[in-house]
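S.K.: Please see the structure below; I have some questions.
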């Protein structure tokens, strides 16, 4: 329960009691695996120590909380009251807590605590008090815009896997549930609640069930257990309050350590080389060339402070891009079901999913097979939602989640880090549809300036041409070839220029590109989250 708020009379800045029992829950409950806010809540010293060691420990967590505090009035007031009660103030520039008599030193200034308004907002310096109020910020029972966003943020942070393929006996029911979720979005595109339910549907209904005993681990029992759990979840979803029940069950199933209850990994699985496991997965999917590449790779960098710092350094924080002010020269792109279906089928077999857990195979299972009875209605609903995304009708507050991606830090041969991001299937599907319509026109426009995108076998042609050229002139020493490799090239692209070029050259897809790139995206690394602004 949040502490009772009241106006501060300015006469005292010493610690006060939050309740008759002296207990106060953590204001950052449900952030960073702080499941219920109780750790460290007995006494303000332990509470402040818990906030510092758990929520303000790393730079990416501080940035995440800074954004949340600046948007959520209830959270802002909760944090400010805890700071006042504990005799501390928070510097909004670096997100570090200090005693009231101590300043916060920065490169060119010293930020000091001062009594200005006479209210609790004085204890957060450098972050403007949000204007909007939130009735309830509890993610289990969200009752406002910030509550829905907090719910999405919390569920996305949980370590949950979804099945690679929907069992045949579950496909018809899943197709019906997915169609219903899509139709709710189409009926009310401005409703954040409907979009959140669509994004959380796979995690709530298709999560992998870990066998908890040797008997359940047997192949037949394991498949039966998985099918029954999916059918049960889909049945609950179709109920009136099914979404809330499934979210509560999802949160309850994850322990404070972040590991799902009942997860039982065998010792040989833990000790097996990650490259070998990935290789076997590629072989099962029929990607034999990729399997060989995995065996020859340097593997994945171990998650730790050094790896996280390297990833943060590769994603520098830059100001928001400037958007074009003049109107679009073309109407927004509208596509048909045939185009969408072709793009769904074009995903490689076994392609990974984003943070929402939706896989391309899930859509194929729902459209075909046992779900084919309702495939026409489902495909029509998918197409309508794709067109909503293309038209920029999805609420912008959800952009950072739609554009989010798990980040895998691969090791380079020189021990450097190569970050690999895997975007969500919805984002990739809409982008595939957009590129299918404007790709040929852009290939003609770019001409001979690039051969990597939209040019069949373009990279191979460049390689063979260069080799032939070198072989012809290398003998007499009259030829020199310079290769240029840009460091961190993808994250050096200027978003302002990028958006202006899309606005001018591809106006029909500009609203979709603006939705993805005009604000930061979330990149998940283990239990941490990095804000991508480049």
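Numbering (my numbering), first residue to last: 19 to 552. Heads up, the beta-carbon is just placed ideally off N, CA and C, and yes, glycines get one too.
1) Tell me the residue span of the beta strand (DSSP E) that contains residue 540.
2) What residue from 323, 487 and 113 has the CA that sits closest to residue 85's CA?
3) Give every residue of the same chain whose Cβ lies closer than 7 Å to the Cβ of residue 514, excluding the five residues on either side of it in the sequence, and list them in chain order.
4) Cutting at 8 Å between CB atoms, please list the residues of its own chain near residue 195, excluding the five before and the five after it.
5) Let me check understanding here. Comparing Cα to Cα, which of 464, 191, 199 and 422 lies closest to residue 248?
6) With distances taken between CB atoms, is the gap from residue 413 to residue 213 smaller than 8 Å?
7) How is the alpha helix (DSSP H) around residue 292 delimited, first residue to last?
8) Specify, as a first and last residue, the run of the beta strand (DSSP E) that residue 426 falls within.
9) Give the DSSP-derived three-state secondary structure of residue 523 in the structure shown.
10) By Cβ distance, which residues of its chain are closer than 8 Å to residue 318, with the 5 residues on each side in sequence left out?
11) If contacts are defined as beta-carbon pairs under 8 Å, then residue 180 and residue 221 qualify, I think. What distance do you get, rounded to the angstrom?
12) Please classify residue 197: is it buried, with 16 or more other beta-carbons within 10 angstroms of its beta-carbon, or exposed?
13) Going by DSSP in three states, residue 22 sits in which element: helix, strand or coil?
14) State whether the region 523 to 540 contacts the region 415 to 424, with contact taken as three or more CB pairs (one from each stretch) at a distance under 8 Å.
15) Under 8 Å, do residue 349 and residue 518 count as touching if we go by C-beta distance?
16) Do residue 49 and residue 83 come within 8 Å of each other at the CB atom, strictly closer than that value?
17) Tell me whether the region 357 to 370 and the region 300 to 315 touch, counting them as touching only if at least three CB pairs, one residue from each stretch, are closer than 8 Å.
18) Going by C-alpha to C-alpha distance, which of 527, 535, 117 and 124 sits closest to residue 347?
19) Cα separation between residue 296 and residue 315?
20) How would you call residue 432, buried or exposed, if buried means at least 16 neighbouring beta carbons within 10 angstroms?
21) Can you give me the Cβ contacts of residue 440 inside the same chain, cut-off strictly under 7 Å, excluding the 5 residues immediately before and after it?
22) If you check the beta carbons only, do residue 395 and residue 529 fall under 8 Å apart?
23) What does the alpha-carbon distance come out to for the pair residue 95 and residue 337?
24) Is residue 558 buried or exposed, if buried means 16 or more other CB atoms sit within 10 Å of its CB?
25) Rank 399, 250, 493 and 345 by C-alpha distance to the C-alpha of residue 520 and give the top, closest one.
26) Skipping 5 residues on each side, what residues in its chain have a beta carbon closer than 7 Å to that of residue 383?
27) The beta strand (DSSP E) spanning residue 550 covers which residue range?
28) On the CB-based measure, 16 or more other CB atoms within 10 Å of its CB, does residue 548 come out buried or exposed?
29) Kindly list the residues whose CB is nearer than 8 Å to the CB of residue 244, restricted to its own chain and excluding five residues on each side of it in sequence; keep chain order.
30) Would you kindly work out how many angstroms separate the C-alpha atoms of residue 508 and residue 236, rounded to a whole number?
31) Can you list, in chain order, the residues of its chain whose CB lies under 7 Å from that of residue 476, leaving out five sequence neighbours each side?
32) Do three or more CB pairs link the region 325 to 336 to the region 374 to 383 at distances below 8 Å?
33) So is residue 381 in contact with chain D if we call contact Cβ pairs under 8 Å?
M.R.: A quick look at the data gives this:
1) In the chain shown, counting from the first residue as 1, residue 540 sits at position 522. Taken as a continuous stretch (DSSP letters only), the beta strand (DSSP E) holding residue 540 covers 539 to 543.
2) What you label residue 85 is simply residue 67 of the chain shown in a count that begins at 1. Comparing Cα positions, the closest option is 113.
3) Within the chain shown, numbered from 1, the residue matching residue 514 stands at position 496. Excluding positions up to five away in sequence, the list reads 339 and 340.
4) Working through the chain shown from its first residue, we reach residue 195 at position 177. 219, 223, 252, 255 and 256, listed in sequence order.
5) Mapped onto the chain shown, residue 248 falls at position 230. It is 191 whose Cα lies nearest to the Cα of residue 248.
6) Here residue 413 is taken as the residue at index 395 of the chain shown, counted from 1. Here residue 213 is taken as the residue at index 195 of the chain shown, counted from 1. Contact: yes.
7) Against the chain shown, residue 292 aligns to sequence position 274. Unbroken alpha helix (DSSP H) run through residue 292: 292 to 302.
8) The residue you call residue 426 lines up with position 408 of the chain shown. Counting along the chain, the beta strand (DSSP E) containing residue 426 begins and ends at 423 to 429.
9) Sequence index remark: in the chain shown, residue 523 carries index 505 (1-based). The answer is helix: DSSP assigns residue 523 an H, G or I state.
10) Counted from its first residue, the chain shown places residue 318 at position 300. So the list reads 292, 426, 427, 428 and 429, once near-sequence residues are dropped.
11) Position 162 of the chain shown, counted from the start, is the residue given in the question as residue 180. Position 203 of the chain shown, counted from the start, is the residue given in the question as residue 221. That belief holds up - the Cβ atoms of residue 180 and residue 221 are roughly 7 Å apart, short of 8 Å.
12) By one-based count along the chain shown, residue 197 stands at place 179. Counting Cβ neighbours within 10 Å, residue 197 comes out buried, since at least 16 surround it.
13) Mapped onto the chain shown, residue 22 falls at position 4. In this prediction, residue 22 scores a pLDDT of 34, lower than 50, which makes its location untrustworthy; the coordinate-derived value is nonetheless stated afterwards. Correct three-state label for residue 22: coil.
14) yes
15) What you label residue 349 is simply residue 331 of the chain shown in a count that begins at 1. What you label residue 518 is simply residue 500 of the chain shown in a count that begins at 1. The answer is no: Cβ separation not under 8 Å.
16) Residue 83 sits at position 65 when you count from the first residue of the chain shown. Residue 49 sits at position 31 when you count from the first residue of the chain shown. Cβ distance < 8 Å, so residue 83 and residue 49 count as in contact.
17) yes
18) For this step, residue 347 is matched to residue 329 along the chain shown. Measuring from the Cα of residue 347, the nearest candidate turns out to be 527.
19) Reading the chain shown from its first residue, position 278 is the one you call residue 296. Reading the chain shown from its first residue, position 297 is the one you call residue 315. So the two alpha carbons sit approximately 11 Å from each other.
20) By 1-based counting over the chain shown, the position of residue 432 is 414. That one is exposed.
21) Taking the chain shown and counting its residues from 1, one reaches residue 440 at position 422. Same-chain partners within the cutoff: 370, 372, 423 and 424.
22) As a first step, residue 395 must be located in the chain shown, where it is residue number 377. As a first step, residue 529 must be located in the chain shown, where it is residue number 511. It is not a contact, given that the beta carbons lie outside the stated cut-off.
23) Along the chain shown, read from residue 1 onward, the residue named residue 95 stands at position 77. Along the chain shown, read from residue 1 onward, the residue named residue 337 stands at position 319. Whole-angstrom Cα-Cα distance: 27 Å.
24) No statement about residue 558 is possible, as the shown extent of the chain runs from 19 to 552 and does not include it.
25) By 1-based counting over the chain shown, the position of residue 520 is 502. If we check each option's Cα against that of residue 520, 345 comes out closest.
26) Working through the chain shown from its first residue, we reach residue 383 at position 365. Excluding sequence neighbours, residue 383 sits near 183, 184, 189 and 389.
27) Position 532 of the chain shown, counted from the first residue, corresponds to residue 550. Counting along the chain, the beta strand (DSSP E) containing residue 550 begins and ends at 546 to 550.
28) If you number the chain shown from 1, residue 548 lands on position 530. So residue 548 counts as buried.
29) Residue mapping note: residue 244 aligns to position 226 of the chain shown, counting from 1. Here the set comprises 181, 185, 226 and 227.
30) Walking along the chain shown from the start, residue 508 turns up at place 490. Walking along the chain shown from the start, residue 236 turns up at place 218. So the two alpha carbons sit approximately 45 Å from each other.
31) Your numbering for residue 476 matches position 458 in the chain shown. Closer than 7 Å at the Cβ level, and outside the excluded window around residue 476, lie 469 and 470.
32) no
33) Absent from the structure: chain D. Only one protein chain is present.
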